[in-house]
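In this note's numbering, the protein residues as written are 26 to 217. Cβ atoms here follow ideal geometry from the backbone N, Cα and C, with glycine treated the same way. Below is one structure, written out as structure tokens, with a few remarks after it.
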């Protein structure tokens, strides 16, 4: 009988120590992860929920980002909700700018498009636009004017996740946004 009591005491002691260790490990892990997941104030202004973009026209993609958050650049992707496909638009977009013009050419029409701002290296999503529509042509629409001071990225054809980013951007020493390279498989880069 004494062996059972001793065994039960050992079991309860081990369980108590394990629960304490598990609680300590959980707290340490939570603290480490809270530092790894920084919070960003990042709002996509355009396209909005009522936006309708048309093939053949450039559209200003604009955002508002918080200051002093350590986010220096981000990547931009156009994706669909109901259909397979994504377009890798631009990589290393300088966070100091607030607009990038996007010219659509032969992009499949649909009412289930979103733009994502993210870090493709770390798989961190900073912001997702409202759902918006892409149509075949701009004949019956009034289009917003593109930002003349922002670069224009051309996206053409159907979605292909194997294509590289259509453009790779950087900030020059004078503060201007410059193109480091443009991929011809996924689109072309032009400056307005």
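- Within the DSSP secondary-structure output, residue 114 pairs in no beta bridge.
- Within 10 angstroms of the beta-carbon of residue 85 lie 16 or more other beta-carbons, which makes it buried.
- The beta-carbon distance between residue 69 and residue 103, rounded to whole angstroms, is 12 Å. This is too long to meet the 8 Å contact definition.
- The criterion of a C-beta distance shorter than 8 Å is not satisfied by residue 112 and residue 88.
- Per the coordinates, the alpha-carbon of residue 125 lies some 12 Å from the alpha-carbon of residue 170.
- Per the DSSP secondary-structure output, residue 105 pairs in a beta bridge with 138.
- In summary, residue 150 is exposed, with fewer than 16 beta-carbon neighbours lying within 10 Å of its beta-carbon over all protein chains present.
- If you check the CB distance, residue 189 and residue 72 do not come in under 8 Å.
- For residue 67, the enclosing beta strand (DSSP E) covers residues 67-71.
- For a cut-off of 8 Å, the C-beta gap from residue 118 to residue 101 is around 6 Å, short enough to register as a contact.
- The beta carbon of residue 145 sits closer than 7 Å to the beta carbons of 100, 116 from its chain, once the five residues preceding and following it are set aside; these are given in chain order.
- Residue 64 and residue 148 have their alpha carbons spaced roughly 14 Å apart.
- Note: residue 86 is bridge-paired with 125 in the DSSP secondary-structure output.
- In the three-state scheme derived from DSSP, where H, G and I count as helix and E and B as strand, residue 186 is classed as coil.
- The beta carbons of residue 183 and residue 110 sit about 7 Å from each other, so the pair counts as a contact at 8 Å.
- Residue 76 and residue 93 have their alpha carbons spaced roughly 30 Å apart.
- Selection 136, 152, 174 evaluated against residue 142 yields 152 as nearest (Cα-Cα).
- The C-beta separation of residue 127 from residue 83 comes to about 7 Å, placing the pair in contact by the 8 Å criterion.
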